[in-house]
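Presented below is the structure to which this report refers.
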Amino acid sequence: MKLEELAIHVIEAAEATGVDFMAVGAIAAGAYGVPRSTRDVDVLVSMELPDGVTEIVQRLAPFVVFDPQVTFDTLTWGRRHVGQTRSAPPFKVELFETFDDPFVKSEFSRRQSVFVPLLQRSTWLPTPEDVVVQKLRWGRNKDLDDARDVLAVQGPETLDMAYIETWCRTHGTEDRLRTALEGIPPLE
Amino acid sequence: MLPAMNNPHEDPAALKALQDDIYREKILRARKQTPAERLADVFELSDHQHQLMLAGAMHKLKTRDIHLGWAEVGRWMARLDRVRENGLYVTERTS
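Quick mapping for you: the protein sequence lines, in order, are chains A and B. The opening position of the first sequence corresponds to residue 419 in our numbering, with each subsequent residue numbered one higher. The opening position of the second sequence corresponds to residue 8 in our numbering, with each subsequent residue numbered one higher.
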């Protein structure tokens, strides 16, 4: 299976379930920054339908084996469901549940639809500003690189920097934002 | 005979300039693409990288059995997940 085929399965499962969702992780960062390889299809799933994630997991069962154990991230205590493809390559699907977090609510409410010819369908993505804020909040090396890449490719002059700065102040990540901006070389 | 070249690793300023040049090229290339084109690159790079990993795994195992190769790639990725996710995810909420 190719990664794009897995992405189509995940999108179709979410749409058939009728839940609101958006792609996050490397796919979202790659849409706005410098594309990089990944093994994950990461999706943030609305919990407005209480059994929505369970139904997506069931719909993906022919292709993906999910770990029955839900995990929590230690940064925000969000819930994550992790699955691995039944066939090679060993790709992963990560389903993150929306939860009562002001930034997650804001990010999800601002999601936008993007048509992807390779997938022959539209999918939902966060805004580039929200990718930057989220990546700076997580703060792993690859997240910081992704945030800098989105800032560099989009250009701070085209982004709503006031929005980004407000959330960075809330999350205490202003230093990470400053470092990311300083890491962009002159482009002329 | 080729002319002698300076080694940028011996000159921090030259090394930074080289790094900036490489990064600048990546940024400018990505700026010419649409979000859909960049997404297509994510998928292509990911599929290609996994094929390279499969080749590396089969070479390491000295096998032509593709299933053994993918199993080895899976083992590598599981190890990488344990390193990258160490302390980041837990199975019980503690606060």
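Using N, Cα and C, we set each Cβ at its ideal position, and we do this for glycine too.
So which of the options has the shortest CA-CA distance to residue i?
i	options	result
Arg45(B)	Met465(A), Phe439(A), Thr503(A), Gln572(A)	Gln572(A)
Glu547(A)	Gln530(A), Gly501(A), Ser455(A)	Gln530(A)
Val471(A)	Phe517(A), Leu599(A), Ala580(A), Thr494(A)	Phe517(A)
Arg504(A)	Leu421(A), Tyr581(A), Ala598(A)	Leu421(A)
Leu424(A)	Ala447(A), Asp458(A), Pro453(A)	Asp458(A)
Val437(A)	Phe526(A), Arg454(A), Ala444(A)	Phe526(A)
Arg555(A)	Thr576(A), Val534(A), Leu577(A), Asp593(A)	Asp593(A)
Glu466(A)	Leu569(A), Leu478(A), Asn559(A), Lys523(A)	Lys523(A)
Trp83(B)	Gly94(B), Glu99(B), Gly63(B), Asp72(B)	Gly63(B)
Residue i CB to nearest chain A CB: under 8 angstroms?
i	result
Thr70(B)	no
His57(B)	yes
Met65(B)	no
Sorted by chain position, which residues of the same chain lie with C-beta nearer than 6 angstroms to residue i's C-beta, five sequence neighbours on each side aside?
i	result
Val442(A)	Asp460, Leu462
Met65(B)	Gly76
Asp18(B)	none
If residue i and residue j are in contact, beta carbons under 8 angstroms, what's the gap, nearest whole angstrom?
i	j	result
His427(A)	Phe481(A)	5 angstroms
Considering only residues of the same chain and omitting the five flanking positions on each side of residue i, which have a CB-CB separation below 8 angstroms?
i	result
Arg498(A)	Val488, Thr489, Phe490, Asp491, Glu512, Leu513, Phe514, Glu515
Lys510(A)	Arg457, Asp458, Val459, Val500, Gly501, Gln502, Thr503
Cutting at 7 angstroms between CB atoms, please list the residues of its own chain near residue i, excluding the five before and the five after it.
i	result
Ala449(A)	Val532, Leu543
Tyr581(A)	Glu547
Ala446(A)	Leu543, Pro544, Val549
Leu536(A)	Glu422
Taking 8 angstroms as the threshold (beta carbon to beta carbon), is residue i in contact with chain B?
i	result
Trp542(A)	no
Gln487(A)	yes
Lys420(A)	yes
Leu605(A)	yes
In the DSSP assignment, what are the bridge partners of residue i?
i	result
Arg539(A)	Val534(A)
Gln502(A)	Val483(A), Lys510(A)
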